[in-house]
Each structure stands twice: as structure tokens, then as C-alpha cells.
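K.L.:
Residue numbers (the working numbering): 1343 to 1432.
Ideal Cβ positions, reconstructed from N, Cα and C, are used throughout, including at glycine.
My structure is below; once you've seen it, I'll send some questions.
Printed below as a string of C-alpha cells:
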């Protein structure tokens, strides 16, 4: 997410497979490469690999911007953690 590289994800019941889905949801990326089957995964990966350099740079810039705004520079997480930790001692 730091570099904006599109990461194809096939969510399952395992946490490791849902982390990217969660990041995309938090980033509010509308065209995120989230798929529902192994076949779709292959198709989406090929589609991304065949993008023009200009289109890929455009996507990477949007994803990177969204990641920084919604994931990395989002104070909500820190504020919630601070509130929780303070509540433990009050």
C-alpha cells in the first residue's frame, strides 16, 4: 500500500487473506482489485500486468494517496487506542 501498487486479493475466512480487503475498504478505493474466485484472480492479475505504463502510474498514484490519507495519516486509530488505554486506568 505504501507504493500504491495494486494488489489483487481473494478474501477468504483467514485473516491473512482479509488484510488487503480491509485496507482497500478503509482506503475507500472503488476499483480495488478484489476478486471472488481463483479464476478471477488470474484474470485480474493479467489485466493489471497488461495495463499501459501511464494507466498503471495513475492507479498507483490514486492508491498511494488513498493509503496515506486513510491508513497512514489517519489519527482516528491513535485516538481510539489512546482512549482505550486511558480507560484501563480510570
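1) Buried or exposed, going by whether 16 or more other CB atoms sit within 10 Å of the CB of residue 1347?
2) Whole alpha helix (DSSP H) runs in the stretch 1386-1416 with 4 or more residues, listed along the chain?
3) Classify residue 1384 as buried or exposed, calling it buried when 16 or more other Cβ atoms lie within 10 Å of its own Cβ.
4) What does residue 1376 pair with, by DSSP beta-bridge criteria?
5) Cα separation between residue 1354 and residue 1411?
6) Assign residue 1419 to one of three DSSP states: helix, strand, or coil.
7) Would you mind working out which of 1344, 1362, 1428 sits nearest residue 1351, comparing C-alpha positions?
P.N.:
The short version:
1) Your numbering for residue 1347 matches position 5 in the chain shown. Taking every protein chain shown into account, the CB of residue 1347 has fewer than 16 other CB atoms within 10 angstroms, so this residue is exposed.
2) Within the stretch 1386-1416, the complete alpha helix (DSSP H) runs of at least 4 residues are 1395-1409.
3) For the purposes of this step, residue 1384 is taken as residue 42 along the chain shown, with counting starting at 1. Exposed, because fewer than 16 other Cβ atoms sit within 10 Å of the Cβ of residue 1384.
4) Residue 1376 sits at position 34 when you count from the first residue of the chain shown. Residue 1376 is bridged by DSSP to 1351.
5) Taking the first residue of the chain shown as position 1, residue 1354 is located at position 12. Taking the first residue of the chain shown as position 1, residue 1411 is located at position 69. Distance between the alpha carbons of residue 1354 and residue 1411 is about 27 Å.
6) Stepping through the chain shown from its first residue, residue 1419 is reached at position 77. Here residue 1419 carries a helix assignment [DSSP, helix/strand/coil].
7) Reading the chain shown from its first residue, position 9 is the one you call residue 1351. Selected option, being the one with the closest Cα: 1362.
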